[in-house]
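> Start counting the sequence shown at 1; every next residue gets the next number (UniProt numbering).
Take this structure, written in structure tokens, and hold onto it; I'll ask about it next.
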Amino acid sequence: MGQPDLESQTPKTIDEVAKEKEEKPSAEKGYGLPTWRKCIILFVVSWMTLAVTFSSTSLLPATPEIAEEFNTTTEILNITNAGVLLAMGFSSLIWGPLNNLIGRRLSYNSAILMLCACSAASAAAVDMKMFTAFRVLSGLTGTSFMVSGQTILADIFEPVVRGTAVGFFMAGTVAGPAIGPCIGGLIVTFSNWRNIYWLQVGMTGFGLALAVIFVPEIKSADKGEVEIEKPDQNKLWSSLRLFNPLRIFRQWVYPNIFLSVRQLLRRKTILTQ
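And the structure:
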């Protein structure tokens, strides 16, 4: 008979137990990922933010050409652009709950796939109705990349370096609306306006491929390992409550949030006058 492993039977000290508890949440949060993979994930979320903000302004120089091809007016196309912005405002009410229901990775990749498909459908539109429908649907993915992207960065970067990562991430938010009209204008000048959308298809397809390969599903440390059970009526009701838009407006009872929203609306009003 072999000798018993006395080392494995030795009780652990308080420091060892505390160290194990610290290491486990760090691994679950993604802090333990290699640096090269963190950099790729940072590039992916920044790239998708660039792509979605690029798509919001790249079509503005092509408005006269689109109006001429679909036998409509520029005013109607401006209304379509307003519909896109309105859809972007409501997108957080859809993708936020989906992050909790199906997981952040699947929700993020689904948003990329939806944007890619809507861009391809808009490029192949045969009439104004089809163009408007898919252009507005593409707006439903707008804020998903901005919110989910920062959440993904919070899962993999420790607080001491998270600010630098978010700084690179916000570069896509700022650069997209600026370079969109420039590149869109060049494409319209030397080619057809539909190539703007095909460029967006390439950008989102590239981002989707990288997201599927490199972006992991990070478990929240506070949730732990929860066994998945069959949905019942109570769980179905709880899932539907996540899509209640009143949850967003309830936050306005806090003075700091209310004043921030009020100040933002006043700034938008001044800029549009």
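Beta carbons: idealized from backbone N, C-alpha and C, even for Gly.
Remember, predicted model here, so these are calculated numbers, not experimental data.
So, do the region 76-87 and the region 160-170 have three or more beta carbon pairs nearer to each other than 8 Å?
Touching, no.
> Taking Lys38 and Ile156 to be in contact with their CB atoms under 8 Å, please state how far apart those CB atoms are, rounded to whole angstroms.
On the sequence shown, position 38 is the one that residue 38 refers to. On the sequence shown, position 156 is the one that residue 156 refers to. Lys38 to Ile156, Cβ: 5 Å. Contact.
> Output yes or no for whether 8 Å exceeds the beta carbon distance between Leu199 and Val45.
Residue numbering aside, residue 199 sits at position 199 when the sequence shown is read from its first letter. Residue numbering aside, residue 45 sits at position 45 when the sequence shown is read from its first letter. It is not a contact, given that the beta carbons lie outside the stated cut-off.
> So, for Leu210: in the same chain, excluding its five sequence neighbours on each side, which residues have a beta-carbon less than 6 Å away from its beta-carbon?
Numbered from its first residue, the sequence shown carries residue 210 at position 210. Counting only Cβ-Cβ distances below 6 Å, and skipping sequence neighbours, we find Val44.
> What residue ranges within the region 21-70 form continuous alpha helix (DSSP H) runs of no fewer than 4 residues, ordered along the chain?
Whole alpha helix (DSSP H) segments, 4+ residues: 35-57, 63-69.
> Let's see if you can read the secondary structure: which residues bound the alpha helix (DSSP H) around Val212?
Indexing the sequence shown from 1 puts residue 212 at position 212. Where Val212 is concerned, the enclosing alpha helix (DSSP H) stretches over 194-214.
> Just the C-alpha distance for Pro255 and Phe249, rounded to the nearest angstrom, thanks.
By one-based count along the sequence shown, residue 255 stands at place 255. By one-based count along the sequence shown, residue 249 stands at place 249. Roughly 13 Å separates the two Cα atoms.
> Would you give the residue range spanned by the alpha helix (DSSP H) that Thr151 belongs to?
For the purposes of this step, residue 151 is identified with residue 151 of the sequence shown, where counting begins at 1. From DSSP, the alpha helix (DSSP H) with Thr151 extends over 142-156.
> Beta-carbon separation of Ser148 and Phe134 under 8 Å?
Taking the first residue of the sequence shown as position 1, residue 148 is located at position 148. Taking the first residue of the sequence shown as position 1, residue 134 is located at position 134. No, the pair does not count as a contact, with Cβ atoms beyond the cut-off.
> Can you look up Ala124 in the DSSP assignment and give me helix, strand or coil?
What you label residue 124 is simply residue 124 of the sequence shown in a count that begins at 1. In the structure shown, Ala124 sits in coil (DSSP, three-state: anything other than H, G, I, E or B).
> With distances taken between CB atoms, is the gap from Met48 to Gly207 smaller than 8 Å?
Start at 1 with the first residue of the sequence shown, and residue 48 comes out as number 48. Start at 1 with the first residue of the sequence shown, and residue 207 comes out as number 207. Yes; because the gap between Cβ atoms is below 8 Å, this pair is in contact.
> Using 8 Å as the threshold, is the region 97-117 in touch with the region 126-143, meaning 3 or more CB pairs across them?
They touch, by the three-pair rule.
> Nearest-angstrom Cα distance between Asn192 and Phe90?
For the purposes of this step, residue 192 is taken as residue 192 along the sequence shown, with counting starting at 1. For the purposes of this step, residue 90 is taken as residue 90 along the sequence shown, with counting starting at 1. Near 31 Å, if we compare the C-alpha coordinates of Phe90 and Asn192.
> Does Cys118 pass the burial test, meaning 16 or more other C-beta atoms within 10 Å, or should it be called exposed?
Position 118 of the sequence shown holds residue 118. Under this definition Cys118 is a buried residue.
> Helix, strand or coil for Ser110? Go by DSSP, reduced to three states.
Residue numbering aside, residue 110 sits at position 110 when the sequence shown is read from its first letter. DSSP places Ser110 in helix when its eight states are reduced to three.
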